[in-house]
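294 is the number of the first residue of the sequence shown in the numbering used here; add one for each residue after it.
Okay, so here's the structure we're looking at.
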Amino acid sequence: MTHASPSPAPGEGPILAQLRDVGYEVDSLADLRHSGVRYRKVVPILVGALSGATDKKTQMEVVRALTVPWASPEATPPLIRMFKEVDDETGLGLRWAIGNALDVTWNDDEFDDLVRIARNPAYGRSREMVVLGLGRSRRVEAAEILIELLDDPEVSGHAVRALRKIRTAAARPGLERMLNDSRGWVRNEAKRALADLK
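Below you can see the structure in the form of structure tokens.
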């Protein structure tokens with residue numbers, strides 16, 4: 294059974310025209326994402342569209358299209374800027390999606406900016422995936438920051454998941470404390486992370 298192609302967002306037209314100009318014949322950005330093609334060549338077009346798109350649906354589709362490893366490092370700085378600029382009142386879904394893109398496009402060249410996002414409680418739960426992205430970092434400070442974030446209830450579960458990737462003995466006391474967390478999935482992640490330390 295074939296699925297109908299998703300309708301493009303209202304503002305996708307100019308972006309799709311640019312994609313066609315470089316040989317990518319797709320009916321929507323969702324089609325591009327699901328094409329199975331490593332579309333590295335169009336990352337500059339998508340990055341340019343980040344600031345040009347005005348409706349939320351198009352912005353979301355552009356962000357999702359940039360949520361691929363090959364969009365790094367080019368997409369990471371503009372995604373950070375967009376994360377900070379999203380409207381606080383209406384932007385949780387969009388900001389969370391940008392955070393998810395930042396996890397996938399993690400780049401240690403932007404470590405300090407990413408850490409500032411991860412530590413800023415004003416961003417609430419939209420930081421979750423940025424915190425998870427710290428688990429991809431090769432910087433030695435990443436583990437210490439994640440241990441610190443175990444005390445932040447909005448992102449502590451994602452800090453546990455990220456620490457599972459880093460596997461540092463220094464995290465043991467904090468992870469043991471998370472075995473008493475009220476959330477079952479966090480307790481399970483803490484158990485796995487502790488098992489990985491043995």
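No residue lacks a Cβ here, since even glycine has one placed at the ideal position from N, Cα and C.
Quick caveat: nothing in here was measured; it's all calculated off a predicted structure.
Go ahead and label residue i buried or exposed: buried means 16 or more other beta carbons lie within 10 angstroms of its beta carbon, across all protein chains shown.
i, result
"residue 316", "exposed"
"residue 396", "buried"
"residue 335", "buried"
"residue 354", "buried"
"residue 443", "buried"
"residue 478", "exposed"
"residue 366", "exposed"
"residue 360", "buried"
"residue 364", "buried"
"residue 330", "exposed"
"residue 454", "buried"
"residue 369", "buried"
"residue 282", "With the chain represented from 294 up to 491, any question about residue 282 goes unanswered, as that position is not in the structure."
"residue 237", "This structure leaves residue 237 out entirely; the chain is present only between 294 and 491."
Compute the Euclidean distance between the alpha carbons of residue i and residue j, then round it to the nearest angstrom.
i, j, result
"residue 338", "residue 467", "43 Å"
"residue 439", "residue 487", "15 Å"
"residue 313", "residue 399", "28 Å"
"residue 304", "residue 491", "52 Å"
"residue 431", "residue 458", "11 Å"
"residue 428", "residue 482", "14 Å"
"residue 345", "residue 489", "45 Å"
"residue 502", "residue 446", "This structure leaves residue 502 out entirely; the chain is present only between 294 and 491."
"residue 311", "residue 441", "44 Å"
"residue 393", "residue 417", "14 Å"
"residue 391", "residue 473", "31 Å"
"residue 323", "residue 356", "11 Å"
Contact defined as beta carbons within less than 8 Å: I believe residue i pairs with residue j. What is the distance between those atoms, to the nearest angstrom?
i, j, result
"residue 375", "residue 343", "6 Å"
"residue 268", "residue 436", "Outside the displayed span of the chain (294 to 491) sits residue 268, for which this structure offers no information."
"residue 349", "residue 387", "6 Å"
"residue 449", "residue 471", "7 Å"
"residue 351", "residue 415", "Not quite, the Cβ-Cβ distance comes to about 26 Å (not below 8 Å), so this is no contact."
"residue 424", "residue 452", "5 Å"
"residue 300", "residue 328", "In fact, because the Cβ distance is near 17 Å, the residues do not count as touching under 8 Å."
Review point. If you scan the stretch 363-445 from start to end, which runs of the alpha helix (DSSP H) of 4 or more residues do you find wholly inside it?
Key: 369-378, 385-397, 404-412, 421-426, 434-442
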